[in-house]
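Written out below as structure tokens is the structure these notes cover.
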Amino acid sequence: MTRTLILMRHGKSGYPDGVDDHDRPLAARGQYQAGLAGEWIRTNVGAVDAVICSTALRTRETFDATAIDAPVRYEDSVYGGSPEDILEQIALTDDSVRTLMVVGHAPGTPWTALELADDAESEYASWIRTKFPTSGLAVLTTESLWADLTTGRATLIAALRAEPSGT
Numbered sequence: 002m003t004r005t006l007i008l009m010r011h012g013k014s015g016y017p018d019g020v021d022d023h024d025r026p027l028a029a030r031g032q033y034q035a036g037l038a039g040e041w042i043r044t045n046v047g048a049v050d051a052v053i054c055s056t057a058l059r060t061r062e063t064f065d066a067t068a069i070d071a072p073v074r075y076e077d078s079v080y081g082g083s084p085e086d087i088l089e090q091i092a093l094t095d096d097s098v099r100t101l102m103v104v105g106h107a108p109g110t111p112w113t114a115l116e117l118a119d120d121a122e123s124e125y126a127s128w129i130r131t132k133f134p135t136s137g138l139a140v141l142t143t144e145s146l147w148a149d150l151t152t153g154r155a156t157l158i159a160a161l162r163a164e165p166s167g168t
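Okay, here's the thing in structure tokens:
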């Protein structure tokens with residue numbers, strides 16, 4: 002069975018005075034970006050079966066703004082997590098899940114996409130290496146079970162930041 006993994010960086014966040022990094026909210030632009038990303042996912046990927054999300058406020062607000070209707074698991078290890086931390090969480094996903102979304106941060110989210118990609122020189126991989134912007138999406142497919150997903154075992158099929166229609 003082909004599985005799809007959507008890796009998303011949180012939307013543009015605000016920097017209010019006196020608020021620690023974990024508690025920074027999304028900016029209005031981030032809310033908008035995340036909404037566009039959710040529309041793109043529904044149109045181009047389809048239904049999401051499960052979500053793993055960092056516990057940081059901006060990632061939780063990003064997930065909410067996507068309006069993706071799927072069960073979500075909030076994980077501290079995704080906040081500031083390395084690819085290994087993120088892959089540990091992915092490995093816990095039930096095999097019945099066909100499409101999994103992870104909402105996280107840079108650099109962990111883009112590094113995870115690059116580590117999993119079977120073609121490090123693809124146009125999508127180059128885009129991710131150059132700059133993985135806020136609300137950036139990396140979409141990969143794999144034949145592996147979630148617990149077996151490791152370096153080079155997925156194909157990067159899209160990497161983008163959703164833009165308004167007509168742009």
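Numbered according to the numbering used here, the sequence shown spans residues 2 to 168.
Where is the CB? At the ideal position from N, CA and C, for every residue including glycine.
Our two residues, residue 82 and residue 30, have alpha carbons roughly 25 Å apart in a direct line. Contact between residue 150 and residue 117 holds, since their C-beta atoms are separated by about 7 Å, short of 8 Å. Collapsing the DSSP output to three states places residue 89 in a helix. Going by DSSP, residue 105 is part of no alpha helix (DSSP H) but of the beta strand (DSSP E) stretching over 100 to 105. Judged by DSSP secondary structure, residue 127 falls within the alpha helix (DSSP H) whose first and last residues are 124 to 131. DSSP places residue 55 in the strand class (E or B) of the three-state scheme.
Note: residue 15 is not bridge-paired with any residue in the DSSP secondary-structure output. If you draw a straight line from the Cα of residue 161 to the Cα of residue 101, it is about 17 Å long. Taking residue 46 as reference, the option from 13, 104, 5, 33 with the minimal CA-CA separation is 5. The C-alpha of residue 154 is placed about 42 Å away from the C-alpha of residue 19. With respect to the 8 Å criterion, residue 58 and residue 25 are classified as neighbours on the basis of their beta carbons.
The three-state secondary structure of residue 80, taken from DSSP, is coil. The DSSP-derived three-state label of residue 135 is coil.
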